[in-house]
Structures are given as C-alpha cells and as structure tokens.
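Below is one structure, written out as structure tokens; the observations come after it.
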Amino acid sequence: MHFCIEETDVERILVVAYRPNAGKREELLAFLAAQHRRGRELGLLDDIRPLLGEGTHGEIVYIVTLRSGTDVDRLWEDPVFQDLDASLSMIARMVPLQTLDEAAASYMDMASLPVHGGTDIPR
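1 is the number of the first residue of the sequence shown in our numbering; add one for each residue after it.
Next comes the structure, spelled out in structure tokens:
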C-alpha cells in the first residue's frame with residue numbers, strides 16, 4: 001500500500017491520555033466535551049464526535065481529528081481553550097500514552113465511553 005500526500009497541511013489526529021483525580025472522572029469528561037465544542041466553534045474540528053476510551057486504571061484517552069496541523073497551534077493559542085485546559089489540569093493529569101497498560105501491546109484495546117453532548121461549560 002502506498003500513500004501519496006500532496007498537501008503540505010493535512011488533517012492531524014490528536015491522542016491524549018488523562019488520569020483523573022479521585023472522584024473527578026465525570027468532570028473530566030465534561031471538560032473534554034467543552035474543549036471539543038470550543039474547537040468546533042473555532043472551525044478547527046469537524047462535527048464528528050471525538051473518541052473516548054477508558055484504560056484499566058481509569059485513564060481517559062481522548063482522540064480527535066483536527067482539520068490541519070496549523071489548527072493544533074491555533075486551538076492551543078485560543079484564550080477560551082486555554083482557560084478550559086487550565087481548569088482541566090486541576091482535576092486530571094495528562095499522562096504519556098506509553099504509561100497505559102494497554103499501550104504495551106501492538107494495539108490498544110480499551111473500553112469505549114459515551115461522549116457528553118451537553119452545551120454547558122463545566123464550572
């Protein structure tokens with residue numbers, strides 16, 4: 001199989017793992033939903049829902065597609081997104097993917113989680 005990419009700025013897949021603080025799992029999921037909504041408001045993400053998985057030790061894996069590589073930077077530079085991320089960092093810790101037990105295999109198999117679809121930003 002051969003892939004030829006002629007465009008210089010193609011879609012990007014972002015995969016992030018979080019370890020929520022005790023009792024903060026649902027709040028983490030709500031913040032991830034709010035971040036995704038913000039990315040859509042900025043036109044950086046499609047309306048496709050992100051994928052969420054849960055590791056054996058409660059880690060939450062968040063998978064999203066951005067429209068281009070430059071959109072990754074634009075998203076992280078947005079002040080509203082930064083505020084959401086700062087709040088998220090108070091209830092969960094971003095962890096390297098290779099620290100998940102599921103990452104030890106040649107593929108990751110984890111429980112799928114429903115995506116929160118509300119419009120309220122958690123407080």
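The beta-carbon is built from N, C-alpha and C at its ideal position, and this holds for glycine as well.
For residue i, the three-state DSSP class (helix, strand or coil)
i, result
"GLY58", "coil"
"ALA30", "helix"
"ARG25", "helix"
"PRO96", "coil"
"VAL10", "coil"
"ARG19", "strand"
"SER106", "coil"
"ASP78", "coil"
"ASP120", "Here the model assigns ASP120 a pLDDT of 40, short of 50, so the residue's position is not dependable, and the following value carries that caveat. Coil at ASP120, not helix or strand."
Option nearest residue i by Cα separation, candidates the options
i, options, result
"GLN98", "GLN82, ASP71, GLY55, LEU45", "GLY55"
"ASP101", "MET90, ASP85, GLY58", "GLY58"
"ALA86", "LEU28, GLU41, LEU113", "LEU28"
"ALA17", "TYR62, ALA34, ALA33", "TYR62"
"SER112", "LEU51, VAL95, PRO96, ARG93", "LEU51"
Distance between residue j and residue i (C-alpha atoms, nearest Å)
i, j, result
"GLU11", "ASP71", "9 angstroms"
"VAL15", "TYR107", "14 angstroms"
"LEU75", "ALA105", "31 angstroms"
"ILE131", "SER68", "Given a span of 1 to 123 for the chain in the structure shown, any question on residue 131 remains unanswerable."
"ILE60", "ASP73", "23 angstroms"
"ALA34", "PRO114", "14 angstroms"
"VAL80", "ARG19", "22 angstroms"
"MET90", "LEU84", "10 angstroms"
"GLY53", "LEU45", "19 angstroms"
Residue i burial status per 10 Å Cβ neighbour count (16 or more: buried)
i, result
"GLY43", "exposed"
"GLY23", "exposed"
"ARG38", "buried"
Counterpart residues of residue i in DSSP-defined beta bridges
i, result
"GLY53", "VAL61, SER112"
"LEU45", "LEU66"
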